[in-house]
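Residue numbers (our numbering): 69 to 290.
Below is one structure, written out as structure tokens; the observations come after it.
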DNA sequence: ACATTAAGTGATT
DNA sequence: AATCACTTAATGT
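What follows is the structure in structure tokens.
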């Protein structure tokens with residue numbers, strides 16, 4: 069490669085190959101390398117605000133991103149997480165015409181994100197069959213995840229939602245000690261601190277978690 | 001020692 | 001399950 073500007077570092081390139089070599093043809097991977105831009109983020113960086121215009125679609129290389137809905141009072145509700153190879157369905161649905169984000173995205177851990185200009189989306193959709201498959205598949209996966217989230221919201225009580233939330237968080241961070249306060253949890257689940265404190269107490273009595281100040285240890289799950 | 005912030009609790013809606 | 005009002009406990013300055 070003789071280009072003066074190489075937006076890719078070796079690690080990202082390898083990761084991309086690792087993940088997609090059997091999914092994408094080499095020409096497509098080359099295209100991605102040519103037009104994609106990798107950015108690294110610290111934990112807690114805001115990738116997307118509601119109302120922000122989206123010009124690129126994100127593809128997670130390392131780390132994880134949480135996607136949430138937020139109302140005008142700033143109350144938030146967690147929708148789902150993105151991990152390696154995941155892309156955001158909301159972006160996909162908007163890629164045909166320039167539009168604004170309806171969600172907020174924040175990195176859950178330090179992360180490397182690959183950005184692909186939305187113009188390339190359509191181009192690749194017709195040019196690469198594997199890309200088309202990938203996009204449709206991603207859309208499908210997200211759709212199902214959303215349905216799960218709605219189901220959880222509609223039919224499960226707070227205690228179950230809280231427990232699911234803690235489990236997901238442990239899965240995503242691969243860490244059984246979660247550095248989070250009751251207040252933060254309450255916000256993500258769109259509940260109140262008092263309610264979470266009471267339910268956490270309950271979970272603790274059931275032996276599922278051990279509580280400390282500023283963090284919880286999730287004992288057993290699955 | 002004091003202020004600040006996280007977590008616990010009883011009562012009320 | 002949410003909110004209020006208050007207490008208790010941990011932590012930082």
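From the three backbone atoms N, C-alpha and C, an ideal C-beta is built for every residue, glycine too.
Bear in mind that the values here come from a model prediction, so they are computed numbers and not experimental data.
- request: From the DSSP output, read off the bridge partner residues of residue 277.
  value: 286
task: Please name the residue, chosen from 144, 130 and 278, that lies closest to residue 136 on a Cα-to-Cα basis.
output: 144
- prompt: Straight-line CA distance for residue 204 to residue 90?
  reply: 17 Å
message: Distance check for residue 119 and residue 184, CA to CA, integer angstroms please.
response: 19 Å
message: On a Cα-Cα basis, can you pick out the residue from 258, 242 and 237 that is closest to residue 248?
response: 237
query: Does the distance from the C-beta atom of residue 148 to that of residue 240 stay below 8 Å?
result: no
query: Does the separation of the CB atoms of residue 178 and residue 109 fall below 8 Å?
result: yes
field: Touching by the beta-carbon criterion (3+ pairs, under 8 Å), the segment 91-100 and the segment 184-196
entry: yes
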